[in-house]
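Residue numbers (the numbering used here), protein chains in the order written: chain A, 1222 to 1761; chain B, 1222 to 1761. Single-structure report; data block below.
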């Protein structure tokens, strides 16, 4: 099989996007200059990114079986493309032309029957299986590094299972195949006036199945933030067969079957499709950016808004560094981005009350927002628009950063409001010390991606000069210091980036031991040959 | 140990409330007359309820061990009180003085250490353990009918673990012991200006731990309806030891540990305490009752409201029979009860928009509600108030109904909006046929207890003449017909009444087989001696 036969645009084997897409030189220059000018980061030249002819892979340990030949590929491009996710370590290793653990081959099933045939073959042949959606994992969740106890390892790419199969307009729900990328499913929902409204940063190259498997968090900053709440029913192919749950708006019959598989990160089986709860496309919108001179006043305002039952769609706090970095501020103020949207009713009264809360904490609220006449295009202009564009471009910048010696990576958590001051101080301190120790200089910025009545989800961005050839060690030291500080202060090792292989050491400390034993037993019941994504979440 | 030593008011061993409470004769007469006058039901006299001297129990199979003597009781009252929950079968069997499967003794631990000692003793002695909160199960979830494969069976009553241990005001959370009854925990939260706001019908005699173990649904008709969403962290004592989860406002690290135990109905261990998400006490309120001449128009209006993002606290639909039964209507109209509440902002604009939606579907909206000037005391007066009082009194009426030959029981489900018309027609048809076949005449009323953007939670009440001595057969026939119809139409066997022992036949059909195997494996990992609530959810 050749890639041409797939009749899909080929994706980059290193980087973000389609291979045909040329990096936007103007945008690249702009971001590099911004980092240099605003954060005083040196721009280095580590050379060009890899080309496919430079990549040498070890020979496949298991050949493609004849029965699966029509849907599998062991071409270098396909194997390289499926070797890494999209975190800093992935970019650096790819940039260094190191592809040490590629899958032996990649399967592209078109039907559930083909998927079943793949799992049957893997189980009987002692071959590990990596379920693969859009490949956007930043936690090494799809990296075929499964050790030597398997005869081989294959990646199962679900890109062909990308259809919206059925729409139930009255119940505002749709049955969607797990391999549908964000743009795929939204395009198919649009004619029905419906939207999943799950615009996470990886939207273009992440899939419904991946979101569910990793408990991704999306567009909404409050209330129904995680994909968990949008799952109405699921169909999961385990090595022992299908698990299909009932379509229900809510259920009280025993432990939730859906919740066992939501967040299971491919360790129990492969999600093939799900009935999802959708929304009408919003027609009323309001948004505003509120600067605060004081960071604590800003987060206290956000806390108050999170506990107000106003449930803004957007409620992001940028600390001064984050605001400076993205261009939404000048580095002297924190900025709170507030947004409301509705398909049913005007949202100005909600915005006016949220603005009032911000003002009561010293927020410098634009006058029109206080009067409920906030700019409806603030999403696309002003500080909110600047930040939004920076956010959307984020994944594309990673190639640039890698090539120009910017050590840039993020980590995120969630904690209670009570724990937040201690966590934030501890994390900033630990991460900053580590950055200085291994990079000499650098920055640690913070924003809230989501907020809940009982606590925020802080998200940290590290930006520092990379030392060529030492990036992995640099990041390992910073990440360990930050993660230890997160756990010590009561946070979680991940709010929405998943555990994968990379977060395992901290997840293992955070997770109750007996819960791990229960999950291991459940896995053995569903995956007795232990072929499903070994090393993720639980050891076989 | 005597009950006096417990220093707690003794609860009835049959019926609802404290033994010292005298049945309200005026209210009893009123409800019986109402049923007779409104629904033409014959009022019979089956005689007085049981007194403790009439109850004979089989001798305990296992004696209280000396090590647990201080916290255990094998007195007849205690054993009888813990023999049944509160469904129709429980009332009828108790009324008939049949207490065939009492616990051999009842333990009342005061500390987690004592609880551990009880579980250790049970595991080594092959004695089944029934975790017991308030005893309000209507699904035989706490009935010690565990078969002959155990040496004995004991009930563990958590009433002494009833303290709010810690309040985190900033995060609006509290650490609460699992045995706290609704009024207990609200009284302890009130000084902090906080409330769990989980006013389910069994509020007086159900506990936090029971709510979590059974996925109860409470006060709010939309959004965060179930206790599931209010659980921030849990502590569960399994036979193998403690599982304690981390306090987090949200988490994306693997399958949710909390969700494994939420809804586990005592089969994996005993919830000892939980950090719960609370609310500020509401200061803004509005409510209204909207009659509809047409049932379909009424539920379409409710569907629209459920999809509007207005998130009313109350959004109950009563069909004409339900409205008649409760006195909220005259039997010619359906009634939609709408309520909004907030601790932060006036709710009139939300009410006005919800009322506008109802009016657009033909709802006869009171003029003041359309103008956003709804009566703030509508909760306590008018149709909404009448219905609310009827709802609160519900549990107390069960003694009266049993003694006066009214076969009265409920069942509930949830389904998608698309499935609702078929489910409703099928259930009404099947239940009505069964009622007529076994009772000659009777009524099947319907209301929505909760509504979601993708579907309602319909709740059915059966009222018919009981035939003395044949009530169990009568109800078994009606329940089977109704439950079969629910499952056939895509519903769940329970939205918030739990599975227990009574719903097992239908739950087993509804639940994916491989999920059952995974849960059985998880249970074996945590409860290798299989002593925890055997027969509920999973067979050992």
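No residue lacks a Cβ here, since even glycine has one placed at the ideal position from N, Cα and C.
Three-state secondary structure (DSSP) of residue i
i	result
residue 1344 of chain A	helix
residue 1402 of chain A	strand
residue 1629 of chain B	strand
residue 1235 of chain A	coil
residue 1422 of chain A	coil
residue 1453 of chain B	strand
residue 1681 of chain A	strand
residue 1521 of chain A	helix
residue 1528 of chain A	coil
residue 1540 of chain B	coil
residue 1305 of chain B	coil
residue 1610 of chain B	helix
Nearest-angstrom beta carbon gap, residue j and residue i [assumed within contact, 8 Å]
i	j	result
residue 1318 of chain B	residue 1696 of chain B	Not quite, the Cβ-Cβ distance comes to about 19 Å (not below 8 Å), so this is no contact.
residue 1375 of chain B	residue 1328 of chain B	6 Å
residue 1392 of chain A	residue 1716 of chain B	Not confirmed; about 16 Å, so no contact.
residue 1497 of chain A	residue 1476 of chain B	Actually they do not touch by this definition, with Cβ atoms about 19 Å apart.
residue 1702 of chain A	residue 1655 of chain A	4 Å
residue 1398 of chain A	residue 1494 of chain A	5 Å
CA-to-CA distance, residue j to residue i, given in whole angstroms
i	j	result
residue 1262 of chain A	residue 1720 of chain A	30 Å
residue 1530 of chain A	residue 1524 of chain B	21 Å
residue 1680 of chain A	residue 1449 of chain A	20 Å
residue 1430 of chain B	residue 1396 of chain B	12 Å
residue 1367 of chain B	residue 1337 of chain B	21 Å
residue 1491 of chain A	residue 1254 of chain B	59 Å
residue 1238 of chain B	residue 1711 of chain B	36 Å
residue 1270 of chain A	residue 1620 of chain A	8 Å
residue 1273 of chain B	residue 1387 of chain B	39 Å
residue 1483 of chain B	residue 1453 of chain B	11 Å
residue 1377 of chain B	residue 1357 of chain B	15 Å
residue 1618 of chain A	residue 1757 of chain A	28 Å
residue 1432 of chain A	residue 1443 of chain A	18 Å
residue 1292 of chain A	residue 1306 of chain B	57 Å
residue 1193 of chain A	residue 1346 of chain A	Given that chain A is displayed from residue 1222 to residue 1761, the structure contains no residue 1193 of chain A and the question cannot be resolved.
residue 1315 of chain B	residue 1384 of chain A	56 Å
residue 1232 of chain B	residue 1749 of chain A	49 Å
residue 1236 of chain A	residue 1626 of chain A	15 Å
Minimum Cβ-Cβ distance from residue i to chain A less than 8 Å
i	result
residue 1361 of chain B	no
residue 1459 of chain B	yes
residue 1673 of chain B	yes
residue 1289 of chain B	no
residue 1722 of chain B	no
residue 1732 of chain B	yes
residue 1183 of chain B	For residue 1183 of chain B there is no data in the structure shown, the boundaries of chain B being 1222 and 1761.
residue 1327 of chain B	no
Residue-chain proximity (residue i, chain B), Cβ-Cβ < 8 Å
i	result
residue 1606 of chain A	no
residue 1676 of chain A	yes
residue 1632 of chain A	no
residue 1740 of chain A	yes
residue 1518 of chain A	no
residue 1745 of chain A	yes
residue 1224 of chain A	Note on residue 1224 of chain A: pLDDT 42, under 50, position unreliable in the model; the coordinate value appears next. Cβ-Cβ to chain B under 8 Å: no for residue 1224 of chain A.
residue 1736 of chain A	yes
residue 1313 of chain A	no
Partner residues on chain C for residue i, Cβ-Cβ distance less than 8 Å
i	result
residue 1714 of chain A	This model lacks chain C altogether, as its protein chains are A and B.
Heavy atom of the ligand MN within 7 Å of residue i beta-carbon
i	result
residue 1278 of chain B	Absence of the ligand MN from the depicted structure is noted, as is the absence of any ligand whatsoever, leaving it without description.
Closer than 8 Å, Cβ to any Cβ of chain B: which residues of the region 1263–1277 of chain A, in chain order?
If the cut-off is 8 Å between Cβ atoms, the region 1263–1277 of chain A has nothing near chain B.
So if I threshold CB-CB distances at 9 Å, which residues from the region 1636–1648 of chain A count as touching chain B?
Listed in sequence order: 1636, 1637, 1638, 1639, 1640, 1641.
Using a Cβ-Cβ cutoff of 7 Å, what residues of the region 1550–1582 of chain B are near chain A? List them in chain order.
So the list reads 1563, 1565, 1566, 1570, 1574, given in the order they occur along the chain.
With 8 Å as the C-beta to C-beta threshold (strictly closer), list the residues of the region 1372–1392 of chain A near chain B in chain order.
Taking 8 Å as the Cβ-Cβ cut-off, the region 1372–1392 of chain A approaches chain B at 1389, 1391, 1392, given in chain order.
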